[in-house]
Amino acid sequence: MLYVQQYGEQHKETLLFLHGGGLSGRMWAEVAGELDDYHCIVPDLPEHGQSAGVKPLSTDFCLRQMEMLLERRGPVHVVGLSLGGALALSMLRTMPDRIHSMVLSGTAAGMSRMTAMLLNGAAAPLYSMLSAKTLAQSMMKQFHIPESFRQSLVEDAAAINAGVTRRMHAMLSEIRLPAENSTPLLVLVGERENKLARRAAARIAATVPASKGAVVPKVGHVWSYERPALFAQVIRHWVEQKEVHPQLLHLP
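Mind the numbering: the sequence shown is residues 1 to 252 in full-length UniProt numbering, read in order.
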């Protein structure tokens, strides 16, 4: 079973938070703390964080874990970032009746198998060669993560190696966008993310019915660390009003 943290009031509407690759549910702690009038469920995905011993990291296995986690629950609101967004899209395609609404951020829809192979050949081996401290420092610099999160990033990075990285890339290359959808979907990308991330967000928003897209100003990829209060406000606005938060920018 996956390690799961819960926040808020259990009899309230449920928000399911899915973290990014190489991280853990701790990346959502401050966001969930702002939403304590909801019931927030925050798992560590397979081979990550406190679920490091739960294997393997794959789309099918993660979907089975989500089915178990949501068993006997009513429909939930799903929030996914990066790898968590990839899993969320798979949930939207395979179990739409379990989902009230969805918020995605920084999800690399459209990664080809060839791109995944190139990343596996060039980047994946580094995760077995570099120390957890070095990997954490790299993430902090690349994603503009505040210094206060360094220790938790070091601990999360300790679970990541070349094999886990290859399986992450495989999941990202397996994303299939649903051709039919009635679940309200908000697709986000940070203003400081690269052009590929913006292109992926635009593709999801244009392809999946019932979607809206937006750019989050002045943030990078893992902006739950940078602007947790804003992230919570964006989620609340979407869940309660099905509207894009007024502080967000238009997605071209």
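Even for Gly, the Cβ is constructed at its ideal location relative to N, Cα and C.
Residues bridged to residue i [DSSP beta-bridge criterion]
i, result
"GLN247", "GLN247 is not bridged to any residue."
"ALA205", "Paired residue(s): none; ALA205 is not in a bridge."
"VAL4", "PRO43"
"VAL103", "VAL79 and LEU186"
Sequence-distant residues of its chain with Cβ nearer than 7 Å to residue i (five each side left out)
i, result
"CYS62", "LEU45, PRO46 and LEU87"
"SER211", "LEU185, VAL187, ILE204 and ALA205"
"ALA136", "ARG150, LEU153, VAL154 and ALA157"
"GLY20", "MET27, LEU81, SER82, LEU83, GLY84 and VAL222"
"ALA232", "VAL31, GLU34 and LEU35"
"GLU243", "HIS237"
"residue 276", "Residue 276 is absent from the structure shown; the chain starts at 1 and stops at 252."
"TYR225", "MET27, ILE145, PRO146 and PHE149"
"ARG227", "VAL219"
"ARG73", "THR14"
"SER138", "none"
Limits of the unbroken alpha helix (DSSP H) element including residue i
i, result
"GLU163", "Per the sequence presented here, residue 163 reads as Gly, with Glu not at that position. Counting along the chain, the alpha helix (DSSP H) containing GLY163 begins and ends at 162 to 173."
"residue 292", "There is no way to answer for residue 292, as the model of the chain reaches only from 1 to 252."
"TYR225", "223 to 226"
"LYS242", "Premise fails: LYS242 is in no alpha helix (DSSP H) and is neither H nor E."
"ALA132", "132 to 143"
Bounding residues of the beta strand (DSSP E) (the contiguous stretch that carries residue i)
i, result
"LEU177", "No beta strand (DSSP E) contains LEU177, which DSSP labels as neither H nor E."
"ALA158", "Careful: ALA158 lies outside any beta strand (DSSP E) and carries neither H nor E."
"LYS212", "211 to 216"
"GLN10", "First-last for GLN10: undefined, no H or E at that position."
Short CB-CB distance (under 9 Å) between residue i and chain B
i, result
"ILE235", "As a matter of chain content, chain B is missing from the structure shown, which is built from one protein chain."
Any non-hydrogen atom of the ligand COA closer than 8 Å to residue i Cβ
i, result
"GLU243", "Within the structure as shown, the ligand COA is missing, as the structure has no ligands at all."
6 Å Cβ shell around residue i - same chain, five flanking residues per side excluded
i, result
"CYS40", "TYR7, GLY8, LEU15 and ALA32"
"TYR3", "ASP44, GLN50 and SER51"
"GLY213", "VAL187, ALA201, ALA205 and LEU251"
"LEU23", "ASP156"
"residue 253", "Limits of the chain in this structure are 1 at one end and 252 at the other, which puts residue 253 out of reach."
"ALA122", "Low confidence applies here, because ALA122 scores a pLDDT of 48, under 50, leaving its location unreliable and the question unanswered by this model."
"HIS77", "LEU15, HIS100, SER101 and VAL239"
"GLN65", "LEU2"
Proximal residues to residue i (C-beta, below 8 Å), its chain only, five neighbours per side dropped
i, result
"PRO96", "PRO178, ASN181, SER182 and THR183"
"LEU249", "GLU191, ALA214, VAL215, VAL216 and PRO217"
"LEU196", "ALA108"
"LYS12", "ASP37, TYR38 and HIS39"
Taking three-plus beta-carbon pairs below 8 Å as touching, is the stretch 172 to 182 in contact with the stretch 146 to 159? no
Can you give, in chain order, each stretch of the alpha helix (DSSP H) that sits fully within the stretch 15 to 101 and has at least 4 residues? Counting only runs of 4 or more, we get 29 to 33, 59 to 70 and 83 to 94.
Is the stretch 23 to 38 touching the stretch 55 to 75 in the sense that three or more CB pairs, one from each, lie closer than 8 Å? no
Using 8 Å as the threshold, is the stretch 66 to 83 in touch with the stretch 14 to 21, meaning 3 or more CB pairs across them? yes
Is the stretch 202 to 209 close to the stretch 228 to 243, with three or more CB pairs under 8 Å? no
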